[in-house]
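**Q** In this note's numbering, the protein residues as written are 165 to 640.
A single structure is presented below for examination.
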């Protein structure tokens, strides 16, 4: 953290985030961690989170190095998940606030954009409002996930406005980048730090960007990303035509071609052409009430996105299509560079692993107050997020030991066997009856102070005839 005097506010801030406080902005955190000196603690925490020049990357790096080995005890890292999340704001002065797409508004879920465009082909105008949006990268296995990179998306209107940048203390090296460009930078940084590798997962807000997919391929990163139904693809076994023959004049043609008789189709049109036997019901995980399953088809083909500007065709990839049983047409599409021999159930399992990020954001917002920061500056926005992620890292590290959040792998395990006749030290002899007077073989209890003998309890004699006064004997 840079200075030893930041250790106390660090501990108090994270402790406050973990406590059951309804609002987790600075003042309530001060009240719950130092009720006898709220004003002084408020100033301390306010300076610590809003102004102190400690490094978010260094803190998140420490959290990553501490938490990931604990996550990996329950299985190797399988995926790196790219996503973004929005925070509605009423004013216009908080850093990065702009009228943009925000999934938290409870309307159309269009929180991710490509530049300023919505992630989907559907009309998302109802979900536009003032909000901040941050891009994150998380690593995940089958049981847990952890955000390892987090950065505010700065709209171009903010990036090009020197006065607003100065008021919000936006660093000079921060320039306008689209969300896919921010995500690629985060992936490059994680790769350089040697983070355990995984398949890149993202929704169509990122997968629909050809530059993002090309950037992943350039980094030699395997991916399974959502795409639009309008994605241009070649039918299986087809591809673009080779460059036209050279006429002998000018520069030889180098670009592949297509024509009216040989052209690609949309992913949606291809899905409609698939025969009934191409669809399979695949389950991918247990839900809260039942097993989650749907109908899927997977085909190997070549994407056709702007390949007319290329000297050669795109490499073959998987197109995974989901069409639930009660839907008239497909609802989701993915492109994946997983190997050609990957079975469809593994494709589905990998694509659906992205659900971890939805849970992460839900818990970070609802339990740890990720969206409760009330400051307006760049540094405070990122400091608060880094501290929330640090607290979240602690929670997921101990989750396996706190019922009922234990992972499915720990539930149902048989207890370790004990030798026959084992008796814990200090426990009663199970062979003895509760009342020693009724047990003719009762052994004396060691290490007991001598005491007066209790009066003998009247016992029922086996020969009732000798004792006519005793008509019955009842216990309860």
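Cβ atoms here follow ideal geometry from the backbone N, Cα and C, with glycine treated the same way.
Being a predicted model, the structure only gives us computed values, none of them experimental.
Answer yes if the stretch 424 to 441 comes into contact with the stretch 450 to 460, meaning at least three C-beta pairs across the two stretches below 8 Å, and no otherwise.
**A** Verdict: no, contact absent.
**Q** For residue 232 versus residue 354, is the C-beta distance shorter than 9 Å?
**A** No, these two residues do not count as a Cβ contact at 9 Å.
**Q** Per DSSP, which one or two residues make a beta bridge with residue 295?
**A** In the DSSP output, where bridge partners are listed per residue, residue 295 has 252, 262.
**Q** With distances taken Cα to Cα, identify the nearest neighbour of residue 352 among 373, 383, 334.
**A** The option with the nearest alpha carbon to residue 352 is 383.
**Q** Reducing DSSP to helix, strand and coil, say where residue 333 ends up.
**A** Residue 333 falls in the coil class under three-state DSSP.
**Q** Quick one: what's residue 496 bridged to in DSSP?
**A** Residue 496 pairs with 486.
**Q** In chain order, what residues of the same chain have a beta carbon less than 6 Å from the beta carbon of residue 261, not counting five sequence neighbours either side?
**A** Around residue 261: 253, 294, 296.
**Q** Between which two residues does the beta strand (DSSP E) containing residue 455 stretch?
**A** 455 to 465 is the span of the beta strand (DSSP E), which, as asked, contains residue 455.
**Q** Hey, residue 257 and residue 540 are a contact pair by Cβ (cut 8 Å); roughly how many whole angstroms apart?
**A** With 8 Å as the limit, residue 257 and residue 540 qualify as a contact, their Cβ atoms being about 5 Å apart.
**Q** What three-state label does DSSP hand residue 381 in the structure shown?
**A** Three-state DSSP puts residue 381 in a helix.
**Q** For residue 543, tell me which candidate among 171, 214, 196 has the shortest Cα-Cα distance.
**A** Comparing Cα positions, the closest option is 214.
**Q** For a test of the three-state rule: what should DSSP assign to residue 390, helix, strand or coil?
**A** Correct three-state label for residue 390: strand.
**Q** Can you tell me which residues form a DSSP beta bridge with residue 445?
**A** According to DSSP, which records beta bridges pairwise, residue 445 is partnered with 459.
**Q** CB residue 401 to CB residue 368, shorter than 9 Å?
**A** No; because the gap between Cβ atoms is not below 9 Å, this pair is not in contact.
**Q** Classify residue 372: buried if its beta carbon has 16 or more other beta carbons within 10 angstroms, exposed otherwise.
**A** That one is buried.
**Q** Once the 5 residues before and after residue 537 are set aside, which same chain residues still bring their CB inside 7 Å of it?
**A** So the qualifying residues of the chain are 189, 544, 545, 548.
**Q** Contact defined as beta carbons within less than 8 Å: I believe residue 298 pairs with residue 318. What is the distance between those atoms, to the nearest angstrom?
**A** So it is not a contact: roughly 10 Å between Cβ atoms.
**Q** One question on the structure: do residue 312 and residue 224 come within less than 9 Å of each other, judged by their Cβ atoms?
**A** Contact: yes.
**Q** At which residues does the beta strand (DSSP E) containing residue 312 begin and terminate?
**A** Start and end: 309 to 316.
**Q** Can you say whether residue 478 is buried or exposed, counting buried as having 16 or more other CB atoms within 10 angstroms of its CB?
**A** Residue 478 should be labelled buried.
**Q** Within 8 Å, do at least three Cβ pairs link the stretch 418 to 434 to the stretch 515 to 524?
**A** These segments do not touch.
**Q** Who are the Cβ neighbours of residue 308 in its own chain at under 6 Å, not counting the five residues just before and after it?
**A** Taken in chain order, the residues that qualify are 235, 560.
**Q** Since residue 483 and residue 502 are thought to touch, with beta carbons under 8 Å apart, how far apart are those beta carbons, to the nearest angstrom?
**A** About 12 Å; that fails the 8 Å criterion.
**Q** Quickly, what does DSSP pair residue 303 with across the bridge? List them, please.
**A** Partner(s): 244, 310.
**Q** Indicate whether residue 339 and residue 259 have their beta-carbon atoms separated by less than 9 Å.
**A** Not in contact: residue 339 and residue 259 (Cβ atoms no closer than 9 Å).
**Q** May I have the straight-line CA-CA distance separating residue 494 from residue 476, to the nearest angstrom?
**A** Distance between the alpha carbons of residue 494 and residue 476: 30 Å.
**Q** To which residues of the same chain is residue 376 closer than 6 Å at the C-beta, ignoring the five residues directly before and after it?
**A** Hits under 6 Å: 344, 370.
**Q** Give the DSSP-derived three-state secondary structure of residue 402 in the structure shown.
**A** Coil at residue 402, not helix or strand.
**Q** For residue 472, count neighbouring C-beta atoms within 10 Å of its own C-beta (all shown protein chains included) and say buried if the count is 16 or more, exposed if not.
**A** Burial call: exposed.
**Q** What's the gap between the Cα of residue 534 and the Cα of residue 322?
**A** Approximately 22 Å, taken between the alpha carbons.
**Q** Which class does residue 365 belong to by DSSP, given the choice of helix, strand or coil?
**A** If DSSP states are grouped into helix, strand and coil, residue 365 belongs with the strands.
**Q** Does the Cβ of residue 514 have 16 or more other Cβ atoms within 10 Å, making it buried, or fewer, making it exposed?
**A** With 16 or more Cβ atoms within 10 Å of its Cβ, residue 514 is classed as buried.
**Q** Going by DSSP, which residues form a beta bridge with residue 429?
**A** Paired residue(s): 397.
**Q** Would you report the Cα separation of residue 341 and residue 314, rounded to the nearest angstrom?
**A** Each residue's alpha carbon lies about 14 Å from the other.
**Q** Would you mind reading off the limits of the alpha helix (DSSP H) that contains residue 197?
**A** Note, residue 197: alpha helix (DSSP H), 190 to 197.
**Q** With DSSP as the reference, label residue 349 as helix, strand or coil.
**A** Of the three classes helix, strand and coil, the one that applies to residue 349 here is helix, per DSSP.
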